[in-house]
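Read the structure below first, then the notes.
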Amino acid sequence: MCHFVNPQAQSFTKATAQNFQICTAIGLAAHYLRLYYLLLKKEKMSLQASKEIEVRFSEVDSMNVVWHGSYALYFEDAREAFGAKYGLEYLTIADNGYYAPLVELTFKYRQPIVYGMKCRIDIFYVPTEAAKIVFDYEIRRTEDNALMATGHSVQAFMNKQYQLEWYRPPFYQEWQERWKVSSKEVSGKE
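Each residue of the sequence shown is one higher than the last, beginning at 75 in my numbering.
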């Protein structure tokens with residue numbers, strides 16, 4: 075049993091000091107095991123997909139570098155691959171009475187992507203309790219896995235009358251529950 079005693083007190087003995095050190099080590103170990111467990115839980119629950127591409131001539135500019143507008147298309151291809159893999163296709167959303175337009179799209183260039191280069195676009199679902207679909211992206215060169223670009227997108231839900239939805243549509247809540255990806259489940263909060 076761990077008993078913590080003031081080291082300045084006269085009753086502080088060598089055995090008490092050893093007990094204190096042991097308890098501190100056990101406490102630290104428990105803390106790090108909990109962090110490791112949460113990390114594994116998050117890794118296990120994260121949904122991701124990949125899309126392989128080879129840069130076409132029509133996607134580059136006069137410098138032979140991928141034109142900035144092509145990144146939006148690459149991310150769209152990744153979202154379609156994700157939807158096909160996890161049952162969250164655009165037609166599924168539409169068949170349930172909703173649209174999911176992009177309301178935010180960002181990307182950061184790390185290294186130039188050039189004509190003929192083979193890349194992999196990795197898409198990662200970001201859980202949220204809001205009425206939106208959030209993704210992060212990485213574009214990597216396939217030959218050495220070098221990070222070429224990163225990105226982020228947010229899609230909001232609108233009904234068929236083009237009104238913004240403030241709450242998650244029932245079909246989306248069910249989808250999150252099926253894949254165990256609500257932000258509460260990933261964070262461990264209840």
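A virtual CB, placed ideally from N, CA and C, is assigned to each residue, including glycine. Since the structure is predicted, the reported quantities are computational estimates derived from the model, not experimental observations.
Proximity of residue i and residue j at Cβ, strictly below 8 Å
{"i": "S227", "j": "L176", "result": "yes"}
{"i": "K234", "j": "G171", "result": "yes"}
C-beta neighbour in chain B for residue i, strict 8 Å
{"i": "V200", "result": "The question asks about chain B, but that chain is absent: this structure has only one protein chain."}
Cut-off 7 Å between Cβ atoms - residues of its own chain near residue i, not counting five sequence neighbours on either side
{"i": "W253", "result": "L121, Y160"}
{"i": "A220", "result": "Q185, R214"}
Identity of the residues DSSP links to residue i by a beta bridge
{"i": "G157", "result": "The partner list for G157 (beta bridge, DSSP) is empty, contrary to what the question assumes."}
Own chain residues within Cβ distance below 8 Å of residue i, not counting five before or after
{"i": "R130", "result": "Y189"}
{"i": "I197", "result": "Q122, A123, S124, K125, F149, A152, R153, A155, F156, F209, D210, Y211"}
Distance between beta carbons of residue j and residue i, contact taken as under 8 Å
{"i": "A152", "j": "Y211", "result": "6 Å"}
{"i": "M222", "j": "I187", "result": "5 Å"}
Beta-carbon proximity list for residue i, same chain, < 6 Å, skipping 5 on both sides
{"i": "K115", "result": "Low confidence applies here, because K115 scores a pLDDT of 42, under 50, leaving its location unreliable; read the following figure in that light. Cβ within range, chain order: n/a, list empty."}
{"i": "I167", "result": "A174"}
{"i": "E133", "result": "V140, S144"}
{"i": "I195", "result": "K125, Y148, A152, I213"}
ask   = Is it true that the stretch 182-193 meets the stretch 216-224, where meeting means three or more beta-carbon pairs spaced less than 8 Å apart?
value = yes
task = Count the CB pairs spanning the stretch 233-240 and the stretch 141-159 that are closer than 8 Å, and state whether there are at least three.
result = no
inquiry  = Can you confirm whether the stretch 179-186 touches the stretch 145-154 when touching is taken to mean that 3 or more C-beta pairs between the two stretches lie within less than 8 Å?
reply    = yes
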